[in-house]
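Residue numbers (the working numbering), protein chains in the order written: chain A, 1245 to 1486; chain B, 1245 to 1486.
Heads up, the beta-carbon is just placed ideally off N, CA and C, and yes, glycines get one too.
Being a predicted model, the structure only gives us computed values, none of them experimental.
In what follows, a structure is listed as structure tokens, so that the remarks can point back to it.
There are 2 protein chains.
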Amino acid sequence: MTLRNETLTYEADGLSMASQFYWDDGLAGRRPGILVFPEAFGLGEHAMSRAQRLAELGYATLACDLHGQGQALDDLEQARAAIAPLRPDPHRTRARARAALQALTARAEVNPTRIAAIGYCFGGTMALELARSGAPIAAAVGFHSGLATVAPQDARNITGKVLVCIGADDPGIPPEQRAAFEQEMREGGVDWRLHLYGGVVHSFTNPAADRLGRPDFARYDAGADARSWSEMLAVFNEVFPG
Amino acid sequence: MTLRNETLTYEADGLSMASQFYWDDGLAGRRPGILVFPEAFGLGEHAMSRAQRLAELGYATLACDLHGQGQALDDLEQARAAIAPLRPDPHRTRARARAALQALTARAEVNPTRIAAIGYCFGGTMALELARSGAPIAAAVGFHSGLATVAPQDARNITGKVLVCIGADDPGIPPEQRAAFEQEMREGGVDWRLHLYGGVVHSFTNPAADRLGRPDFARYDAGADARSWSEMLAVFNEVFPG
């Protein structure tokens, strides 16, 4: 394995994005490509490490910039403020996701017909919004991802499989939001799944979540992290056989 | 591999049970044991084939009789009538399950400290009721299993992990029943998970479901069958490491 990394820059939604591309240069041929959208804090260690792990498994991956200039925010309130304008306007979220998709599929290492998107927290919402936009992605996987959308009717545009992995006690994704998502997916005729983990809250995939000091809201959970990762890989094995 | 099979007989809840025990005689030492509880129709091809597959993977398994004398019922209404008296009285269900547990753990091939229970439809309910009884099982896995119980307060007795795999469109397990189960598990402090499969109804693991001719109620789903099986094996790998 010869793991390589390069910064890809592109414009999206009026921002200059700087995303991190990872691939195993020891592999021949075009690999399935995976977009990795970060938490609301923006591109940092968490999303980059997951993109790298996927590249080690043979995927070509893009850990995607969210806020422009590859910015990572430290503060939760700052992160929330940064994404607040995006929530009522999924076209802006989708524009950022689609530009990342274009940057990834433009690479010679990537098979543009074999693309999936994953994301964490708001990044999971981005993966879902990319799917709702009708982008030709084979799968969207969200981890502790917000499920709400102002455009539920767009679920009918979703062509790939959807998996969302949610903490049953996540205060940010309450049962009513899950029920609305279920209804949205059903009405859209989507091939979808929701995995609900008992005793688990927000940010369960991110060891850095514990630094927030709000364990009832956000807390790392090694078991749920490992399970959801395996369940994501199972989806990839379904949509990228052979 | 030298797969072997033997009928185990025992009394339970006033019935003479005849269950099917499977193990690989080519393996040395005591193996983790798995109870396999069948659908409401009773012990038939479906539960026996699953128990056999698990035995091929190195577990010692018991495909459990439900109605006594190893009876398999053909008719859905007959099956419903047979389990109707059990629903308001979980002690009878638990008595049948506990006797199966005793029969399994009495075998020299089985490690009595490493037991899990799985079940399909009413058999999933049996696995859950066995867990609610406080039986020392490391995991209970239910496939299209009824989640309702008249004794939700007994969830606090559950010592092992719980996974239930449910079709999102199963008419027999509506959203309110899932919500009540979620509440029960939370209040009981259980290590639990619920996997919800979109576009999937009842009996999704059983190819014979299609013979009922009621596809809106019961329908085989190869994808959900394969996924839920893998997700069950992942639970076994968690609770029976090494």
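- Any Cβ of chain B closer than 8 Å to the Cβ of A1384/A would place that residue at the interface, and such an atom is absent.
- Three or more beta-carbon pairs separated by less than 8 Å are not found between the segment 1409-1424 of chain A and the segment 1250-1262 of chain B, which leaves the two stretches without contact.
- The three-state reading of DSSP puts I1278/B in strand, counting E and B together.
- For A1360/B and T1246/B, the gap between their C-alpha atoms comes out near 22 Å.
- P1356/A carries a strand assignment under DSSP once its states are collapsed to helix, strand and coil.
- One alpha carbon belongs to I1327/B, the other to N1249/B, and they sit about 27 Å apart.
- Residue environment for H1388/B: buried (at least 16 other C-beta atoms within 10 angstroms of its C-beta).
- Of the residues assessed, Q1427/B falls on the exposed side of the cut-off, its CB having fewer than 16 other CB atoms within 10 angstroms.
- DSSP places M1245/B outside both helix and strand once states are collapsed to three, so it counts as coil.
- Under DSSP, S1260/A takes part in a beta bridge, and its partners are E1255/A.
- DSSP places E1250/A within a strand segment (E or B) once states are collapsed to three.
- When the alpha-carbon of G1270/B is set against those of A1304/B, R1324/B, H1311/B, L1317/B, the nearest one is in A1304/B.
- Here G1432/B carries a helix assignment [DSSP, helix/strand/coil].
- Inclusion of A1347/A and R1376/A in the CB contact set at 8 Å is not warranted, their separation being larger than that value.
- Per DSSP, G1386/A is one residue of the beta strand (DSSP E) stretching across 1383-1387.
- The beta carbon of V1434/A falls within 8 Å of a beta carbon belonging to chain B, placing the residue at that interface.
- By the Cβ-count criterion, Q1264/A is buried, with 16 or more other Cβ atoms from all chains shown falling within 10 Å of its own Cβ.
- H1335/B sits in a helix when the DSSP states are folded into three classes.
- Taking C-beta atoms as the reference points, A1424/A and A1392/A count as a pair closer than 8 Å.
- Of all residues in the segment 1436-1447 of chain A, those with a C-beta nearer than 8 Å to a C-beta of chain B are W1436, R1437, L1438, H1439, L1440, Y1441, G1442, G1443, reading in chain order.
- Remark: C-beta atoms of L1372/A and V1479/A do not approach each other more closely than 8 Å.
- Within the segment 1447-1474 of chain B, the residues whose Cβ lies closer than 7 Å to any Cβ of chain A are, in chain order, R1471, S1474.
- Rounded to whole angstroms, the gap between the alpha carbons of A1343/A and A1291/A is 18 Å.
- Taking 8 Å as the cut-off, the Cβ atoms of F1484/B and P1276/B count as close.
- At a cut-off of 8 Å between beta carbons, P1419/B contacts chain A.
- At least one CB of chain B lies nearer than 8 Å to the CB of M1429/A.
- Boundaries cannot be given for L1310/B, as no alpha helix (DSSP H) includes it and DSSP labels it neither H nor E.
- Using beta-carbon distances, A1478/A counts as an interface residue toward chain B, with a partner under 8 Å.
- In the same chain as L1440/A, and ignoring 5 residues on each side of it, the C-beta atoms closer than 6 Å to its own belong to I1410, A1412, in chain order.
- In the DSSP assignment, L1391/B falls outside any alpha helix (DSSP H), carrying neither H nor E.
- According to DSSP, W1473/B shares a beta bridge with no other residue.
- Contact between D1465/A and F1448/A holds: CB atoms are separated by about 4 Å, below the 8 Å threshold.
- With fewer than 16 other beta carbons inside 10 angstroms of its own, R1455/A counts as exposed.
- Residue environment for S1472/B: buried (at least 16 other C-beta atoms within 10 angstroms of its C-beta).
- Bounds of the beta strand (DSSP E) holding G1411/A are 1405-1411.
- With a beta-carbon spacing of about 5 Å, Y1364/B and E1283/B fall inside the 8 Å limit used to define contacts.
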